[in-house]
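**Student:** The structure follows.
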């Protein structure tokens, strides 16, 4: 063989190798086994999401007690042209007839909350065609669109419920995104590309005044989700925002319908899912944010970043150091160089007092993930240290994972979860449980409960609807009894 041909073949082989290494990365942190690992058994759930081009590849879901009988139903959003589906559970899932919820527009974020103070749990649903209340009247829902000053070429992804002025009525921080036709990846500084989030103050009758411009919390940044949570124990709900192509943003409530932005705890990334929990048992809530991670080489994500703007592609695990100060401990926890991820939840699945971390992975619009999907992640928490045990836990999910819904389906005191998948089957994982004594707290799903903290045996949990990724889990907290 001629020398030049050998060189050509060698270079071609190297290019193929580099291409595979860049776009088909292996899991860098292999699973292990651990004695504290919770295990799960899958039960049948007859729903397969259908993704239609022209909308965004996301879906939402919620856990809701529709008829106030003490049993939770499961609502899963459909794609464009596909009905939402409501399931009851009694040892098996049963589809319920249409209760006035279905809509053929693609469903994004869902919140279940009694917003009209009649003791029936209502719904707040973001769809491709707008944001809507679904008022529950004795198990039947009536739809009402929420008027928004949306910027042109934008859609609503989710709405965070809070009570920023303490008047007992739900206020909303609406996370918006540029529409699919105008979306460009890795665009950080184009003012026409980023869309303004909206802060709505309730007028006391579930109509709203848009106070975005005067609030100090205005952001022209495409955003997946946000939550309200009192971070400094002053009784006023602060704001945490998980934006795409920006830094994580945190705003302090000034107690006068305005907010002051605090130090930014991350660099510029593709922040998506948000899990909340006290991972180190110090009494305050820490935050996990998913990110693009090793989807592709970092240089492909630089986009129009300025020299002074630092790209941050790894997952973030922000330890709460009080007074709006956070330390990213992802490296010491082994959470760097992970996989592209969406929804995430922090929950004590084994009732040892330390919450585990479950993360959904894979992106339907990334060609490499069609060739090879990752199984998602479950990390057991060993006294503050996260250890990957997905296979041992029996929750591998080789689909385009989105958010998770936490709910104790079989009422055994051990939390179960439903994994929502884009363009794929929803999967129900029932915790195999254990022998621990436990206390289950069912929280009134209303405005008064928003942000409320519950503490048992030194373990603190907070009620934050909308954490995860476009999902709203059951208003339940489970504590181990000593």
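In the numbering used here, the protein residues as written are 7 to 488. We put the beta carbon where it would ideally sit given N, CA and C, even for glycine. Fair warning: this is a prediction, and the values are worked out from it, not measured in the lab.
Compute the beta-carbon to beta-carbon distance between residue 180 and residue 228, rounded to the nearest angstrom, for a pair I have assumed lies under 8 Å.
**Tutor:** Stepping through the chain shown from its first residue, residue 180 is reached at position 174. Stepping through the chain shown from its first residue, residue 228 is reached at position 222. Their Cβ separation, rounded to whole angstroms, is 13 Å, which puts residue 180 and residue 228 out of contact at 8 Å.
**Student:** CA-CA distance, residue 214 and residue 408?
**Tutor:** By 1-based counting over the chain shown, the position of residue 214 is 208. By 1-based counting over the chain shown, the position of residue 408 is 402. Going from the Cα of residue 214 to the Cα of residue 408 covers about 30 Å.
**Student:** Counting only the same chain and skipping the five closest in sequence on each side, list residues whose C-beta sits under 7 Å from that of residue 470.
**Tutor:** Here residue 470 is taken as the residue at index 464 of the chain shown, counted from 1. Here the set comprises 233, 235, 282 and 457.
**Student:** In chain order, which continuous runs of the beta strand (DSSP E) of length 3 or greater are located wholly inside the segment 54-141?
**Tutor:** Counting whole runs of 3 or more residues, the segment 54-141 contains the beta strand (DSSP E) stretches 67-70, 79-82, 91-95, 99-101, 113-119 and 128-133.
**Student:** Let me check one thing: in DSSP terms, what residues is residue 360 bridge-paired to?
**Tutor:** Counting from one through the chain shown, the residue named residue 360 turns up at place 354. Looking at the DSSP assignment, residue 360 forms no beta bridge with any residue, so it has no partner.
**Student:** With 16 other CB atoms within 10 Å as the buried threshold, where does residue 120 fall?
**Tutor:** Here the question's residue 120 lines up with position 114 in the chain shown. Buried, by the Cβ-count rule.
**Student:** Since residue 517 and residue 37 are thought to touch, with beta carbons under 8 Å apart, how far apart are those beta carbons, to the nearest angstrom?
**Tutor:** Shown here, the chain extends from 7 to 488; a query on residue 517 therefore has no answer.
**Student:** Is residue 57 buried or exposed, if buried means 16 or more other CB atoms sit within 10 Å of its CB?
**Tutor:** On the chain shown, residue 57 is found 51 positions in, with the first residue counted as 1. Buried.
**Student:** Starting from residue 351, follow its DSSP beta bridges and name the residues at the other end.
**Tutor:** Counting from one through the chain shown, the residue named residue 351 turns up at place 345. Note: residue 351 sits in a beta bridge opposite 364.
**Student:** Nearest-angstrom Cα distance between residue 137 and residue 442?
**Tutor:** For the purposes of this step, residue 137 is identified with residue 131 of the chain shown, where counting begins at 1. For the purposes of this step, residue 442 is identified with residue 436 of the chain shown, where counting begins at 1. For residue 137 and residue 442, the distance between alpha carbons rounds to 42 Å.
**Student:** Using CA atoms only, rank isn't needed, just tell me which of 166, 98, 256 and 260 is closest to residue 293.
**Tutor:** Numbered from its first residue, the chain shown carries residue 293 at position 287. Closest by alpha carbon: 256.
**Student:** If contact is defined by three or more beta carbon pairs under 8 Å, each pair taking one atom from either stretch, is the segment 239-255 in contact with the segment 190-198?
**Tutor:** The segment 190-198 is in contact with the segment 239-255.
**Student:** DSSP state of residue 263, grouped into three classes?
**Tutor:** Position 257 of the chain shown, counting from 1, holds the residue named residue 263. The answer is coil: DSSP assigns residue 263 none of H, G, I, E or B.
**Student:** Could you say which of 449, 266, 241 and 188 lies nearest to residue 221 if we only look at CA atoms?
**Tutor:** In the chain shown, residue 221 corresponds to position 215, counting from 1. The shortest Cα separation from residue 221 among 449, 266, 241 and 188 belongs to 266.
**Student:** Are there any heavy atoms of the ligand GTP lying less than 7 Å away from the beta-carbon of residue 244, as far as the coordinates show?
**Tutor:** Although the ligand GTP was asked about, the structure shown includes no ligands whatsoever.
**Student:** In three-state DSSP terms, what is residue 336?
**Tutor:** Translated into positions along the chain shown, residue 336 becomes position 330. In this structure, residue 336 counts as coil in the three-state DSSP scheme.
**Student:** In three-state terms, what does DSSP make of residue 410?
**Tutor:** As a first step, residue 410 must be located in the chain shown, where it is residue number 404. Looking at residue 410 - three-state DSSP - the assignment turns out to be strand.
**Student:** I'd like the list of long-range same chain contacts for residue 86, defined as Cβ closer than 6 Å, with 5 residues on each side in sequence excluded.
**Tutor:** Here residue 86 refers to the residue found at position 80 when the chain shown is read from its first residue. Closer than 6 Å at the Cβ level, and outside the excluded window around residue 86, lie 58, 61 and 112.
**Student:** Bridge partners for residue 47 per DSSP, in chain order?
**Tutor:** By one-based count along the chain shown, residue 47 stands at place 41. 436, per the DSSP bridge assignment.
**Student:** For a test of the three-state rule: what should DSSP assign to residue 215, helix, strand or coil?
**Tutor:** On the chain shown, residue 215 is found 209 positions in, with the first residue counted as 1. Residue state, collapsed to three classes: strand.
**Student:** Please list, in chain order, all residues of the same chain as residue 323 whose beta carbon is under 6 Å from its beta carbon, the five residues on each side excluded.
**Tutor:** In the chain shown, residue 323 corresponds to position 317, counting from 1. Once the five neighbours on either side are set aside, the close Cβ partners of residue 323 are 294, 335, 336, 339 and 341.
**Student:** Classify residue 378 as buried or exposed, calling it buried when 16 or more other Cβ atoms lie within 10 Å of its own Cβ.
**Tutor:** In the chain shown, counting from the first residue as 1, residue 378 sits at position 372. Per the 10 Å Cβ criterion, exposed.
**Student:** Taking Cβ positions, are residue 263 and residue 330 nearer each other than 8 Å?
**Tutor:** As a first step, residue 263 is located in the chain shown; it is residue number 257 there, counting from the start. As a first step, residue 330 is located in the chain shown; it is residue number 324 there, counting from the start. No, the Cβ-Cβ distance between residue 263 and residue 330 is not below 8 Å.
**Student:** Grab me the residues of residue 28's own chain with a C-beta within less than 8 Å of its C-beta, minus the 5 sequence neighbours each way, in chain order.
**Tutor:** Start at 1 with the first residue of the chain shown, and residue 28 comes out as number 22. Bear in mind that a pLDDT of 49 at residue 28, under 50, signals an unreliable position, so the number given afterwards is only what the model happens to contain. Only 302 and 303 meet the Cβ criterion.
**Student:** With a threshold of 8 Å, are at least 3 pairs of Cβ atoms found where one atom belongs to the segment 379-399 and the other to the segment 309-319?
**Tutor:** No: the two stretches stay apart, fewer than three of their Cβ pairs being nearer than 8 Å.
**Student:** From residue 434 to residue 175, what does the alpha carbon distance come to, in whole angstroms?
**Tutor:** Position 428 of the chain shown, counted from the start, is the residue given in the question as residue 434. Position 169 of the chain shown, counted from the start, is the residue given in the question as residue 175. For residue 434 and residue 175, the distance between alpha carbons rounds to 34 Å.
**Student:** Could you check what DSSP says for residue 426 in three-state terms: helix, strand or coil?
**Tutor:** Start at 1 with the first residue of the chain shown, and residue 426 comes out as number 420. Looking at residue 426 - three-state DSSP - the assignment turns out to be strand.
**Student:** For residue 209, count neighbouring Cβ atoms within 10 angstroms of its own Cβ and tell me buried if that reaches 16, exposed if not.
**Tutor:** In the chain shown, the residue the question calls residue 209 occupies position 203. Counting Cβ neighbours within 10 Å, residue 209 comes out exposed, since fewer than 16 surround it.
**Student:** CB-CB under 7 Å to residue 69, same chain, minus the five flanking residues each way: which ones, in chain order?
**Tutor:** By one-based count along the chain shown, residue 69 stands at place 63. Around residue 69: 78, 80, 118, 411, 413, 478, 479 and 480.
**Student:** When the distance is taken between beta carbons, is residue 163 closer than 8 Å to residue 115?
**Tutor:** The sequence position of residue 115 within the chain shown is 109, counting from 1. The sequence position of residue 163 within the chain shown is 157, counting from 1. Going by C-beta atoms, residue 115 is nearer than 8 Å to residue 163.
**Student:** Closest to residue 280 by CA distance: which of 52, 473 and 63 is it?
**Tutor:** What you label residue 280 is simply residue 274 of the chain shown in a count that begins at 1. The residue with the shortest Cα to Cα distance from residue 280 is 473.
**Student:** Rounding to the nearest angstrom, what Cα-Cα distance links residue 107 and residue 488 in this structure?
**Tutor:** By one-based count along the chain shown, residue 107 stands at place 101. By one-based count along the chain shown, residue 488 stands at place 482. Answer to the nearest angstrom: the Cα atoms are 42 Å apart.
**Student:** Could you compute how far the alpha carbon of residue 351 sits from the alpha carbon of residue 46?
**Tutor:** Locating residue 351 in the chain shown gives position 345, where the first residue counts as 1. Locating residue 46 in the chain shown gives position 40, where the first residue counts as 1. When rounded, the distance between both Cα atoms is 16 Å.
**Student:** Taking residue 399 as part of the beta strand (DSSP E), name the residues at either end of that continuous run.
**Tutor:** On the chain shown, residue 399 is found 393 positions in, with the first residue counted as 1. Taken as a continuous stretch (DSSP letters only), residue 399 belongs to no beta strand (DSSP E), being part of the alpha helix (DSSP H) at 396-399.
**Student:** Using the Cβ count rule (16 or more neighbours within 10 Å means buried), how would you classify residue 308?
**Tutor:** Within the chain shown, numbered from 1, the residue matching residue 308 stands at position 302. Flag for residue 308 reads exposed.
**Student:** Taking a contact to mean a Cβ-Cβ separation below 8 Å, would you say residue 74 touches residue 139 in this structure?
**Tutor:** On the chain shown, position 68 is the one that residue 74 refers to. On the chain shown, position 133 is the one that residue 139 refers to. No, the Cβ-Cβ distance between residue 74 and residue 139 is not below 8 Å.
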